[in-house]
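Following my numbering, the numbering of the sequence shown begins with 1 at its first residue and continues without gaps.
Data block below; observations after.
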Amino acid sequence: MHHQTYVDQLKGHVGESVTLKGWLYNKRSSGKLVFLQLRDGTGIVQCVVFKPNDEALFELADSLGQESSIVVAGTVKEDTRSSIGVELDVTAIEVLQNVHDYPITPKEHGTEFLMDNRHLWIRSRKQHAVLKIRHSVIKATRDYFDSNGFTLADTPVFTPAACEGTTTLFEVDYFGDTKAYLTQSGQLYNEATAAAFGKSYAFGPTFRAERSKTRRHLTEFWMVEPEVAYAGYEDMMDLGEGLILAIVERVLADRQEELKTLERDIAKLEAITAPFPRLHYDEAVRLLQEGHEKGELENRFEWGGDFGSPDETYLSSQFGTPVFVHHFPTAIKGFYFEIDKDRPECALGIDLLAPEGYGEIIGGGERATSLEYLEKQIESHNLPRDAFEWYLDLRRYGSIPHAGFGMGIERTVAWMAGIEHVRDTIPFPRMLYRLRP
Ligand code: 4AD
Ligand code: MG
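Below, the structure written as structure tokens:
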């Protein structure tokens, strides 16, 4: 008789008797009424118990503590004041566990306390909303590559050598006599899979032993990395632009409720339109130096440097949309970049800077094709040659121009959700000082 359903389906059941299975999010009582906020993972609905209808049921409802696990039966009623348009007139409650000491109460808690209780905190409305947005960002990302001819070819987490510099490697003891490193990027393997499939992508966790305690850094984060055979750095700007547009579109279409919960200024997302500006590094340097002259940037940026957070924020604030920067100095880039033949001091790298101070969300570019050049680079970057022999094979057997990039999921989600710190964008963040829960 009672149809089991979910909060996000209730609108289609007005007038019907239904059962909901979930947890007590919050409770309010006033004389003859108890209002239970029931959450079931899909949403939160107000469930009303009226004392004169059933005294015992009223007492039971009134005794429930926050996060009690309950099954509630009742009649779905239209309610225009509710954000979901309905509420439930309760007819029965089955209590699986009545809880009375849930640590996270509706009062304010400090961030450290909430992070220590992350396993519980993710039940809270805002954290839940951020993680639903993460889900949509990932789904949009996968759909984008899957529908554009890419083959998913995931890459290993245990690797024998560095991809992004040796200073941020996590070392793992691999059966005593061998060392392994947690991957910083699947790129080198993507270059192999791109030669097999034409267009490939990897999507998985990546690791950086970075001692940075900023709002943009995790030690474990998820990266999606496409790689394309017979492509150049400009193709990667086209691909990255299309990806970002697909993500913004999906988040706006599917996550209105969550964006509202987070009080996200969605006009800023709606303003994201193509084409994104594409700045040569020279041009970016010029803008940064102007910013310094106008007193908007503390330090004068010099050609050859890597952008710091204030520089990225300043550059992106000049535009309402994300902005690409390309042709970074070869000296500050990875060993694998193709160089500009006319200006060898510039590498064919691209970065995408997100608006609103979210910083670099995409990094990538065109890969060097010459065996001799890469042999020299591996040597001058002090990389272990034997661990790269397989990679050099890609330049021995059918070397081609090719390019790719990596997009950090957490920074992208932080930007979409409009939240301060990347730690809230992943269910269980790993940071310099956090390995728990
Ligand atoms: O710019 P990165 O280091 O590029 C690479 O790893 C390339 N090998 C990718 C490729 O071409 N296939 O990292 C790519 C992106 C950054 O733009 C940023 O979004 C994210 O990964 N990222 C981080 N996100 C969170 N915490 C960190 N510590 C991050 N480091 C990089
Ligand atoms: Mg980068």
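All C-beta atoms, glycine included, are put in the ideal place defined by N, C-alpha and C.
Per DSSP, cross-strand counterpart(s) of residue i
i	result
F50	L33
T206	F221
I350	H326 and G364
T19	Q4 and A73
Y201	L152 and P226
E171	Y181
G359	A354
M438	Residue 438 lies beyond the range of the chain shown here (1 to 437); nothing can be said about it.
I339	A347
F158	L182
K27	L36
I44	R39
R434	M431
Residue i versus residue j: straight-line alpha-carbon distance, rounded
i	j	result
L394	E112	47 Å
D311	D143	33 Å
G65	T219	37 Å
R367	H402	6 Å
Y230	P156	24 Å
R434	L120	16 Å
R436	R208	17 Å
F337	G176	34 Å
W80	N26	The sequence given here places Thr at residue 80; Trp does not occur at that position. For T80 and N26, the distance between alpha carbons rounds to 20 Å.
I247	G406	15 Å
F170	A274	38 Å
E257	I84	9 Å
D116	E263	25 Å
G186	G334	14 Å
L378	T330	Reading the sequence as shown, one finds Ile at residue 378 and not Leu. Each residue's Cα considered, the two are about 14 Å apart.
D154	I244	21 Å
G74	H2	8 Å
L239	T141	12 Å
R39	A61	15 Å
E210	V137	25 Å
E225	G404	7 Å
V48	L88	6 Å
L444	R250	With the chain covering only 1 through 437, there is no way to say anything about residue 444.
K376	K341	16 Å
Y181	H292	40 Å
R118	T261	19 Å
A387	K294	49 Å
I272	V413	15 Å
V172	G365	29 Å
K199	H326	22 Å
P277	I266	21 Å
L188	F197	15 Å
Residue i: first and last residue of the uninterrupted beta strand (DSSP E) it sits in
i	result
V95	V86 to Q97
S69	S69 to E78
F405	H402 to G408
R278	R278 to H280
Range of the contiguous alpha helix (DSSP H) that encloses residue i
i	result
T178	Segment T178 to L182 is the beta strand (DSSP E) holding T178; no alpha helix (DSSP H) there.
V14	No alpha helix (DSSP H) contains V14, which DSSP labels as neither H nor E.
R142	R125 to D146
L60	E55 to S63
K445	Here the chain covers residues 1 to 437 and nothing more, so residue 445 does not appear.
L394	E389 to R396
Q256	Q256 to T261
Q483	Past the edges of the chain, shown from 1 to 437, lies residue 483, and the structure says nothing about it.
P427	Per DSSP, P427 belongs to no alpha helix (DSSP H) and is neither H nor E.
P310	S309 to S317
Near the ligand ADP: residue i beta-carbon under 8 Å from a heavy atom
i	result
S185	Of the ligands one can find in the structure shown, namely the ligand 4AD and the ligand MG, none is the ligand ADP.
Taking one C-beta from the region 210–219 and one from the region 419–435 each time, how about it: are there three or more such pairs within less than 8 Å?
Taking 8 Å as the limit for Cβ pairs, the verdict is that the region 419–435 does touch the region 210–219.
Within the structure, which residues are defined as neighbours of the ligand MG by a Cβ-heavy atom distance below 7 Å, reported in chain order?
In chain order, the hits are D351, E360 and G363.
Does the region 303–317 come into contact with the region 345–365, if we say contact requires no fewer than three beta-carbon pairs (one atom in each stretch) closer than 8 Å?
Under the three-pair Cβ rule at 8 Å, the region 303–317 counts as touching the region 345–365.
Any chance the region 97–114 sits against the region 275–293, with 3 or more Cβ pairs inside 8 Å?
no
Is it a yes or a no for the region 188–205 touching the region 145–154, going by three-plus beta-carbon pairs under 8 Å?
yes
For the region 47–63 and the region 20–34, state whether three or more C-beta atom pairs, one from each stretch, are separated by less than 8 Å.
yes
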